[in-house]
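Heads up, the thing below is written out as structure tokens.
There are 4 protein chains.
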Amino acid sequence: MQTKNVAVVGASGYIGEEMVRLLMQHPGANLTAITSRTYKGQRIGDVFPRYREADLTFTEPDAAAIAAVADVAFLALPHGLAATYAIPLLEQGLTVIDVSADFRLRSTAKYATYYGAEHPSPELLAQAVYGAPERKRAAIRGAKLIACPGCYPTSVTIPTCALLRAGVIRPDGIIVSAMSGVSGAGRKESVPLLFSECNESLRAYNAVGHRHTPEIEQELAEAAGVDEVVMNFIPHLVPVTRGIHSTIVANLADAHTSANDLLAVLRETYADEPFVRVLNAGELADSKHVTWTNRCEIGVAVDKRTGRAIISSAIDNLTKGGSGQAVQCFNIVAGFPETTGLNA
Amino acid sequence: MQTKNVAVVGASGYIGEEMVRLLMQHPGANLTAITSRTYKGQRIGDVFPRYREADLTFTEPDAAAIAAVADVAFLALPHGLAATYAIPLLEQGLTVIDVSADFRLRSTAKYATYYGAEHPSPELLAQAVYGAPERKRAAIRGAKLIACPGCYPTSVTIPTCALLRAGVIRPDGIIVSAMSGVSGAGRKESVPLLFSECNESLRAYNAVGHRHTPEIEQELAEAAGVDEVVMNFIPHLVPVTRGIHSTIVANLADAHTSANDLLAVLRETYADEPFVRVLNAGELADSKHVTWTNRCEIGVAVDKRTGRAIISSAIDNLTKGGSGQAVQCFNIVAGFPETTGLNA
Amino acid sequence: MQTKNVAVVGASGYIGEEMVRLLMQHPGANLTAITSRTYKGQRIGDVFPRYREADLTFTEPDAAAIAAVADVAFLALPHGLAATYAIPLLEQGLTVIDVSADFRLRSTAKYATYYGAEHPSPELLAQAVYGAPERKRAAIRGAKLIACPGCYPTSVTIPTCALLRAGVIRPDGIIVSAMSGVSGAGRKESVPLLFSECNESLRAYNAVGHRHTPEIEQELAEAAGVDEVVMNFIPHLVPVTRGIHSTIVANLADAHTSANDLLAVLRETYADEPFVRVLNAGELADSKHVTWTNRCEIGVAVDKRTGRAIISSAIDNLTKGGSGQAVQCFNIVAGFPETTGLNA
Amino acid sequence: MQTKNVAVVGASGYIGEEMVRLLMQHPGANLTAITSRTYKGQRIGDVFPRYREADLTFTEPDAAAIAAVADVAFLALPHGLAATYAIPLLEQGLTVIDVSADFRLRSTAKYATYYGAEHPSPELLAQAVYGAPERKRAAIRGAKLIACPGCYPTSVTIPTCALLRAGVIRPDGIIVSAMSGVSGAGRKESVPLLFSECNESLRAYNAVGHRHTPEIEQELAEAAGVDEVVMNFIPHLVPVTRGIHSTIVANLADAHTSANDLLAVLRETYADEPFVRVLNAGELADSKHVTWTNRCEIGVAVDKRTGRAIISSAIDNLTKGGSGQAVQCFNIVAGFPETTGLNA
């Protein structure tokens, strides 16, 4: 295993923290730089006391400086800003693994609609590979720009794309109701995210138009082999720190399909995947079983009365839904075993 | 206000505790008996230390003894057992307000299917009134046997029945995804309900065949004026003590209907209801706003792309979803202002 | 009961919210004004959605305007600012019930040391009465300026002052270790108070020099009849929204004193107090038993080996530790039964 | 690194689960057996779904069978039972690493007093080594029977023993107030440990006579070089899953000692320890910084007014307070680097 020099750009949020956690213990990564405009000059332990012993100091995010010390740059920046940094880093020859939304949507029109601004660098979209290892491994292998999926999309697409591709559920009429832990909302000064506001609180938000909607639709359409999927995606904020649970309701293609039939498709599709856990019939996912891991846990039920499949999917939003998946992509790019540094 | 003597039969669970809490401070109720086979002989403060100062002792649940001291009996017993107690109490002339499932379903066949046993007293079903004050006030007024709705059904039916009755959403294709606090699972020795098992855990359960499904379907069908509604109801257990949040997805009857149109229906329907809060367009429900109250908070969004309404509804499972609603029914029966003892 | 017109000045924090909650349901209070510089012009329900139905709008905190509509002003302002508002309100003839720290310390020197600024209105200190109803009822009755105790001091002084006054514990060597819910830190934009920072976190803070230290010492010294008490007060932040639990360790005056002896003192002292609950020997306090109430729950143990009493005391920091106690003082001033509006 | 075959006896509690988690990913351990009388015959994933992929099945705890496949046995059994299993396993030549209380106390009299039964195998006490790596590394190296410290004692003794040995604090008058997460109470059917009972609850328990008291006193006395230490230990149960925070108050030996003086002692003592983190002056410990790690985080303050040190210490009760420390001992015994498998 030839160690790669890596940098984390924008390391001061929860996704950045998780990236640093994973890369510090990764046997094939040499973490040479972490950047933060807010905290530049401070040691990582001053911001994230868990890592007090780590000898890492936040620096100004400067492309040339990063290029001087890193082969691979992980971007954990807000959308819009990520593209700004990706361009010079790619020009300097680095591989860029981005966890923002900037390179996930192939449609610049949808980007503009959902993100409220023109796409910052449409010329890069052609080379961006959507970093879903279970579905795009070959493309990721040779990619220079990897757009890691969002947290909600990861939890939804892993089970749903497999079932759509197999043709056992229909692409129309899909409804997703998902719950996210509060770390998904970021590490920022905000009254609605205070402990006293989130504790004992169950709330829906952005029930129409959440930014992850077009990303999920894009991936589902590709898996179904159709031009377009239009679905409902309804997120909820619930009082856990880590974890996403998505419940996906879809119409069965054939009313006689059983939960075991669907589970058989999932088991076959993901037989060799180290990070996908398909439960038994009668079991549903629990985020607690996958927090602090890169796993996705999937359960399935079928309602014969309504002819619908109910798919239950859980991940850790910061790991499989963020930095763990980014590291998984890094392992593919670097030619490492895919579980390296991820405690599979 | 002529005070009524009341008893709580099966007062040692969370619903029973909430019933006692509400009745102790109710100006028109004189709480003369609380029963519990498990705790008989113990003072209420020994079991629920919040009520240490209350001079109440659990007694054996004996119908004659209860009838000797009470005009109204609240039953907070498991299904099956509730019917057993209802019969002699009704014979003794008491008004029975039951929060179990025994008298909610009009179909004994569905009772048998979902509860796994023959209905214990089908002869009583004809006289049972479903205790949803906002929709059944007149019938409740003269009832001797009131079957208070389940917690999930309350959160779903308040907004959905109004919209169905107005014909603005369609009765087919409804999908409900709901989240419940852990108190909804009862106060019982159970490893899956331990703090360390529920904390940081988001899990689906009973995704098909939950016992509240036929109850919701029965009420929705009545509101829609159709023979039958078949829908999906998918509950989730999340780490709060109190609270239910239901997200109801329904097809619009007319694709041009807006969220404001739906909100106008809800506002008109519930204009005079003290316990129904209809939010503004763009707002969704948060269980934190209604815990420890008898309120139901409702938000609505419309997705023009899919032609669906997304309805967000929150209640406190122990209050509006249980004992508060029972007290509201009691107020109707007794001729008290409906908010009496409920801090509206 | 002659209703009083009351105003809450600074009503947009958690203490202010609790004050509004209590006063809205208080049969002897007519809440005529709530002020907030941040939220002026907004309805209370826009800031605290629990109170959506309330017809109250935040106004600019102007003394003359308040005086025009209120007989009693509750101040829920930061220290320093509270004094600024107290002066003109007192001049206008209002009774001022302040929950800030401005009038709690009799020593301006200690105020300067612990609050880092000269006392803003030392001339008012002479007329301020410390609003601890269980110990100062007579003085409160005729007071125009009431300084309600802090949350930690309330939990500590109720049991400890009684035992000191009876001479059964010694005033030297007292050590208090206390835990507070996160609402005690206020409703403000702050990363350390985010859900994801507080959840699964147990932390000590301000282990030396917490501002409540001199206030506790002042009250303990008075109860013990000594010039000065010097003790350790060590607060901790823990993941609950509401609640304080204080563990007070004190040397027994006589090594033969038992827990029952101490409990007897507490029971006798507080025999007629509606808001003090003295537990039995072998029982210790649990904040869950008193949240959303104005009660203080007290348990006592004695360690014969070390000759020390261990006193366990729990309150709701927003109610008995804040607004509930303020309302209790209001009831005394207004000549209402002391439990009015407090659901005793 | 020569891999050792290891077994976990009593693997179905939280400590057992954590032991399995750590040993499965330990490069020097080959986990050959996990036992549980309750779950024998079931796969580990059926009991702990996080480990669904692990090929491990619970077996009956039989000494001969364990000896046939393991060189080292980790005992995660209740006290009393642990000794019963230790005897035959030692006779079979295994190294026994016990996390129960059976071999921690050198005094059988104190064992009888605090555990309510005669010591089950006093003859083994002479050979038992107290498994505190930071203080007993040399003795652990050659031990056949290691008694791993309790969770509370670990959090208390790491900072306090160092300060006592250096003579900078006095061994008399020590008072410890500690908070524990709910997993410390075990994985058992119990109403007081239900989510709805622990959430929003802060409670003291066993304020006198907690079983960890004599163990802490024994270790502190040894460190201080005195015959006996008598102190107060007061535990609290708080709503986190993992984590212990202990606040230790001790009299300074010399009133002029500063926090920096104490921190210097701690830094010198633990300069080479990978699992001890000494914070800076002004900082106090937060359990969140050490959960899921084997670290102990220590902060110190000094109150000049009272002449006392306030020591703040945090660990993960299941890791450094349980299974992580057991693995650390295993590493010492096996001659592995001490951080092996512990992600230091």
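Chains as they are written, first to last, in numbering that gives the first Met the number 0: chain B, 0 to 343; chain Z, 0 to 343; chain F, 0 to 343; chain R, 0 to 343.
Every residue gets a Cβ at the ideal spot worked out from N, C-alpha and C, and that includes glycine.
The structure displayed is predicted, hence computed values, not measured ones.
With respect to the alpha helix (DSSP H) encompassing residue i, which residues constitute its N-terminal and C-terminal limits?
| i | result |
| --- | --- |
| Gly44(R) | Ile43 to Val46 |
| Ile157(F) | Cys150 to Arg164 |
| His211(F) | His211 to Ala223 |
| Thr268(Z) | Ala258 to Thr268 |
| Cys197(Z) | Phe194 to Cys197 |
| Glu272(B) | Per DSSP, Glu272(B) belongs to no alpha helix (DSSP H) and is neither H nor E. |
| Ile65(R) | Ala62 to Val68 |
| Val19(Z) | Tyr13 to Met23 |
| Thr112(Z) | Thr107 to Tyr114 |
| Tyr50(R) | Neither: Tyr50(R) is in no alpha helix (DSSP H) and is coded neither H nor E. |
Out of the options, state which residue places its alpha-carbon closest to the alpha-carbon of residue i.
| i | options | result |
| --- | --- | --- |
| Glu122(R) | Arg140(R), Ala131(R), Ala137(R) and Asp101(R) | Asp101(R) |
| Arg371(B) | Gln24(B), Thr37(B) and Asn4(B) | Outside the shown range of chain B (0 to 343) lies residue 371(B), about which nothing can therefore be said. |
| Pro132(B) | Asn198(B), Pro60(B) and Val275(B) | Val275(B) |
| Val95(B) | Ala81(B), Arg105(B), Thr159(B) and Ala108(B) | Ala81(B) |
| Pro213(B) | Phe57(B), Gln91(B), Lys109(B) and Gly92(B) | Lys109(B) |
| Asp70(F) | Pro273(F), Ala206(F) and Gly27(F) | Gly27(F) |
| Ala344(Z) | Ser176(Z), Val8(Z), Pro148(Z) and Ala63(Z) | Because chain Z here runs from 0 to 343, residue 344(Z) falls outside it and cannot be looked at. |
| Pro119(F) | Val128(F), Ile86(F) and Val98(F) | Ile86(F) |
| Ala254(F) | Ile139(F), Ala308(F), Leu104(F) and Tyr151(F) | Ala308(F) |
| Thr156(F) | Val228(F), Leu74(F), Pro77(F) and Lys303(F) | Val228(F) |
| Val277(R) | Ala222(R), Ser311(R), Thr246(R) and Ser245(R) | Ser311(R) |
| Ile314(F) | Arg304(F), Ile297(F) and Lys303(F) | Ile297(F) |
| Asn293(R) | Tyr113(R), Gly320(R) and Val332(R) | Gly320(R) |
| Ile233(F) | Thr246(F), Thr34(F) and Lys39(F) | Thr246(F) |
Where DSSP assigns a beta bridge to residue i, which residues make up the other side?
| i | result |
| --- | --- |
| Glu250(F) | In the sequence on display, residue 250(F) carries Asn and not Glu. Answer is Arg307(F), bridged to Asn250(F). |
| Asp315(R) | Asp315(R) pairs with nothing; no bridge assigned. |
| Val8(R) | Thr34(R) and Leu74(R) |
| Gly298(B) | Ser311(B) |
When the distance is taken between beta carbons, is residue j closer than 7 Å to residue i?
| i | j | result |
| --- | --- | --- |
| Gln41(F) | Asn342(Z) | no |
| Pro238(B) | Asn279(B) | no |
| Leu21(Z) | Val5(Z) | no |
| Val326(B) | Gly306(B) | no |
| Thr251(R) | Val299(R) | Strictly speaking, residue 251(R) in this sequence is Leu, with Thr absent from that position. Not in contact: Leu251(R) and Val299(R) (Cβ atoms no closer than 7 Å). |
| Val225(R) | Pro170(R) | yes |
| Val248(B) | Val167(B) | no |
| Val68(F) | Ala10(F) | no |
| His244(R) | Ser286(R) | yes |
| Leu124(R) | Ser99(R) | no |
| Thr347(B) | Ala161(B) | Given a span of 0 to 343 for chain B in the structure shown, any question on residue 347(B) remains unanswerable. |
| Val19(B) | Val8(B) | no |
What residue range does the beta strand (DSSP E) around residue i cover?
| i | result |
| --- | --- |
| Cys323(R) | Note that residue 323(R) is Gly in the sequence shown here, rather than Cys. Unbroken run through Gly323(R) is the alpha helix (DSSP H), Gly323 to Ala333; no beta strand (DSSP E). |
| Pro234(Z) | Asn231 to Leu236 |
Report back the beta-carbon spacing between residue i and residue j to the nearest angstrom; my notes put them in contact at under 8 Å.
| i | j | result |
| --- | --- | --- |
| Thr290(F) | Gly242(F) | 5 Å |
| Leu317(R) | Ser106(R) | Rounded, the Cβ-Cβ distance is 27 Å, inconsistent with contact. |
| Cys295(R) | Cys147(R) | Contact doesn't hold; Cβ gap of about 14 Å is too wide. |
| Leu144(F) | Leu89(F) | 6 Å |
| Ala66(Z) | Leu93(Z) | 6 Å |
| Glu188(Z) | Val46(R) | 18 Å between Cβ atoms; not a contact. |
Under 7 Å between C-beta atoms, does residue i make it to chain A?
| i | result |
| --- | --- |
| Ser286(R) | Within the model displayed, chain A is absent; protein chains B, Z, F and R are what it includes. |
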